Amino acid sequence: MKRHLISAADLTRDDAVLVLDTAEEMARVADRPIKKLPTLRGRTVVNLFYEDSTRTRISFEAAAKRLSADVINFSAKGSSVSKGESLKDTALTLEAMGADAVVIRHPSSGAPHRLATSGWIKGSVVNAGDGTHEHPTQALLDAFTVRRHLAGAADGGPVPHGAPAGDGTGRDLAGRRITIVGDVLHSRVARSNVLLLNTLGAHVTLVAPPTLVPIGVESWPCEVSYDLDAVLPGSDAVMMLRVQRERMNAAFFPTEREYARRYGLDAARMAALPEHAIVMHPGPMNRGMEITAEVADSERCTAVEQVANGVSIRMAVLYLQLGGALPADSPAAAAGAPTPARTEESE
Amino acid sequence: MADTRPVPARPVLEAPDIARVLTRIAHEIVERAKGADDVVLLGIPTRGVFLARRLADRLADITGRTVPVGSLDITMYRDDLRLGPARALARTDIPGDGVDGRLVVLVDDVLFSGRTIRAALDALGDIGRPRAVQLAVLVDRGHRELPIRADYVGKNLPTSLRETVKVLVAENDGRDAVLLGTRDGAPADGPAGG
């Protein structure tokens, strides 16, 4: 695994499976009376948030704390950034404080890359969402949720709705058909998901109004459709994206009602999905816009579970990047090869 | 200069020996725990888990009751995590009734520095509060670096630090054996030196 996690494309198939498998073990810690591991004691994780976020920030914070890391939350509001401090000066300040990892969310695409490659800091950089570019840990937690539901049964098949999520350790998502619906243009979640799901062997279809499909989408490893009803019967999972009104500075669709009618998921559309299919949403949901309340509250909707899985995934990422002297080495782990050091303890 | 000629690893225990040793340990557990009715076996991955399952089968044969068996991964409690790349985790699987108030027998393949067992005790402390904790190992090769000893030992195997001890179990490695080699000629992994 690379030292930084900037893009979902940084992960090979083996890296991604290693993160998901590690998250599977981390998820089991949440069931214990003491939900804490001593693994990152003495390490410092800085949450550097230049953009509003509730769930991602508290998810990273909970993950770091469960691993016993020290957490420093830095939000642009009310900090020196509002006095005009540059990213570089903030980074140098964090480096001087001894940050071992910086989790960064930034409204500008590419800010985490700049932070990771400029030599300002020595620690790992984790992208927690940059502009309309990428959000790799969201893609990982989505893939984790998909795997637990669609590849979680003992035979590698789907788990029935309402049953506890399964355990797909060691598996990828080969052959699963995943449909991502909505505001792809402004969605960093969509881009990261297309890349990661493709790496894991899934077949991704984007469905959106033509105005909300980004330029250059033909180079993405996915298909594009404008007709939701045609795609739903062949989907194992459908991921509804939030319509990001705060990023919309033009008229991308005539009215919200028309958007909801053509691209929103209601009960009738959900009934067109195969029996085992799940409905996902990265949150926060606009009920009545891209998803109706009836669908959001059904047992096929995994939105709440995705939040819980987010903590496990972020624990896995922080552990794999900070747990050792170097980031984890995936090929040995992916081959299931027991490390010789297990018997030779002194190594 | 170290002798760099490869020396094939030599078996010190073969499958029938291991079977006898595990049967003896199972009887010792029943004897020491006065019937073993509150015993929980926890194997330390990778090979300790398979040994724990075999011990559980034998305890079930002896006592006529099923004995809870699980696994306890100690990776995140190791004291040498920062000496190498982050390690992949193994499964921790605690039996349904937990460990509170029970006699936990930790099972591992080789007892060496004792650091693995130190980590296992820390991990166990985060999971519950057993009545007592005991340790069963297939091989004790000496060279302890911590004040830890085993309660049940399959074979005491005095070794030098240049030597390696490798336990093979059929479930994971295709056959049962304990191999003694030297660091220079030891098989990297697997029974190459047979």
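Chains as they are written, first to last, in this note's numbering: chain S, 4 to 350; chain W, 8 to 201. For every residue, glycine included, the Cβ atom is placed at its ideal position computed from N, Cα and C. Being a predicted model, the structure only gives us computed values, none of them experimental.
N- and C-terminal bounds of the alpha helix (DSSP H) containing residue i
| i | result |
| --- | --- |
| W:T70 | R54 to T70 |
| S:M29 | R16 to V32 |
| W:K34 | Residue identity differs from the one stated: residue 34 of chain W is His in this sequence, not Lys. It spans A22 to R39 - the alpha helix (DSSP H) in which W:H34 sits, taken as one unbroken run. |
| W:L48 | Taken as a continuous stretch (DSSP letters only), W:L48 belongs to no alpha helix (DSSP H), being part of the beta strand (DSSP E) at V46 to G50. |
| S:M292 | Run containing S:M292: none; DSSP gives neither H nor E here. |
| S:V197 | R191 to T202 |
| S:T182 | Here S:T182 belongs to no alpha helix (DSSP H); instead the beta strand (DSSP E) covers R180 to V184. |
| S:I75 | No alpha helix (DSSP H) contains S:I75, which is instead part of the beta strand (DSSP E) from D73 to S78. |
Min CB distance residue i to chain W below 8 Å
| i | result |
| --- | --- |
| S:L244 | no |
| S:P161 | no |
| S:K68 | no |
| S:P334 | Any reading at S:P334 needs caution, since the residue's pLDDT is 48, under 50, leaving its predicted position unreliable; the model's value is listed next. By this cut-off, S:P334 is not an interface position. |
| S:T93 | no |
| S:P341 | The predicted position of S:P341 is uncertain, since its pLDDT is 41 and thus under 50; no value can be drawn from it. |
| S:D31 | The question names Asp, but residue 31 of chain S is Arg in the sequence shown. By this cut-off, S:R31 is an interface position. |
| S:L8 | no |
| S:L21 | yes |
| S:T15 | no |
| S:T25 | yes |
| S:S349 | With a pLDDT of only 37 at S:S349, under 50, the local geometry of the prediction cannot be trusted, and the value read off the model is given with reservation. So yes, S:S349 belongs to the interface. |
| S:E302 | no |
| S:E28 | yes |
Extent of the continuous beta strand (DSSP E) to which residue i belongs
| i | result |
| --- | --- |
| W:D115 | L110 to L118 |
| W:Y159 | Y159 to N163 |
| S:E226 | E226 to S228 |
| W:K173 | E170 to L175 |
| S:H109 | A104 to H109 |
| S:H116 | Per DSSP, S:H116 belongs to no beta strand (DSSP E); it is in the alpha helix (DSSP H), A114 to T120. |
| W:T189 | A184 to T189 |
| S:I281 | I281 to M283 |
| W:L142 | A139 to D147 |
| S:H206 | H206 to V210 |
| S:D51 | Sequence check: residue 51 of chain S is Leu here, not Asp. That run of the beta strand (DSSP E) goes T47 to F52. |
| W:D100 | W:D100 -> no beta strand (DSSP E), and no H or E assigned at all. |
Anticipated Cβ contact below 8 Å, residue i with residue j, distance rounded
| i | j | result |
| --- | --- | --- |
| S:V22 | S:A271 | Between S:A271 and S:V22 the Cβ distance is about 37 Å, and since that is not below 8 Å, they are no contact. |
| S:A4 | S:A331 | Before going further, note that residue 4 of chain S is Met rather than Ala in the sequence given. Correct: roughly 5 Å between the Cβ atoms. |
| S:P139 | S:S10 | 6 Å |
| S:I181 | S:V227 | In fact, because the Cβ distance is near 14 Å, the residues do not count as touching under 8 Å. |
| W:A59 | W:V114 | 4 Å |
| S:T120 | S:R191 | Going by Cβ atoms, the distance from S:T120 to S:R191 rounds to 19 Å, so no, they are not a contact pair. |
| S:P115 | S:Y53 | In fact, because the Cβ distance is near 11 Å, the residues do not count as touching under 8 Å. |
| W:L49 | W:A63 | About 10 Å separates the two Cβ atoms, so there is no contact after all. |
| S:G204 | S:D175 | 5 Å |
| W:D133 | S:R35 | 7 Å |
Exposure label - residue i; buried when at least 16 CB within 10 Å
| i | result |
| --- | --- |
| W:G55 | buried |
| S:E348 | Low per-residue confidence applies at S:E348: pLDDT is 41, beneath 50, and the placement is therefore not dependable, though the value from the model is reported in the following sentence. Looking at its Cβ environment, which holds 16 or more other Cβ atoms inside 10 Å, S:E348 is buried. |
| S:E261 | exposed |
| S:D232 | exposed |
| W:G197 | The predicted position of W:G197 is uncertain, since its pLDDT is 39 and thus under 50; no value can be drawn from it. |
| S:V282 | buried |
| W:R156 | exposed |
| W:A184 | buried |
| S:S127 | buried |
| W:G153 | Checking the sequence shown, residue 153 of chain W turns out to be Leu, not Gly. Exposed is the call here. |
| W:G77 | buried |
| W:N163 | exposed |
| W:L118 | buried |
| S:K39 | exposed |
| S:D230 | exposed |
| W:L168 | exposed |
Proximity test, Cβ basis, 8 Å: residue i and chain S
| i | result |
| --- | --- |
| W:T73 | no |
| W:I25 | no |
| W:D68 | no |
| W:I134 | yes |
| W:R98 | yes |
| W:T30 | no |
| W:L20 | no |
| W:R109 | no |
According to a CB-to-CB cut-off of less than 8 Å, which residues of the stretch 307-331 of chain S neighbour chain W?
-> Closer than 8 Å at the C-beta level to chain W, one finds these residues of the stretch 307-331 of chain S: Y322, L323, Q324, L325, G326, G327, A328, L329, P330 and A331.
Determine which residues of the stretch 81-96 of chain W have a Cβ less than 7 Å from any Cβ of chain S, and write them out in chain order.
-> Within the stretch 81-96 of chain W, the residues whose Cβ lies closer than 7 Å to some Cβ of chain S are M83, Y84, L88, R89, L90, G91, P92, A93, R94, A95 and L96, listed in chain order.
Contacting positions in the stretch 162-192 of chain S - beta carbon closer than 7 Å to chain W | Against chain W - using a Cβ distance shorter than 7 Å - the stretch 162-192 of chain S contributes no residues.
Selection of the stretch 35-51 of chain S by Cβ proximity to chain W, strictly under 8 Å = Within the stretch 35-51 of chain S, the residues whose Cβ lies closer than 8 Å to some Cβ of chain W are R35, P36, I37, K39, L40, P41 and T42, listed in chain order.
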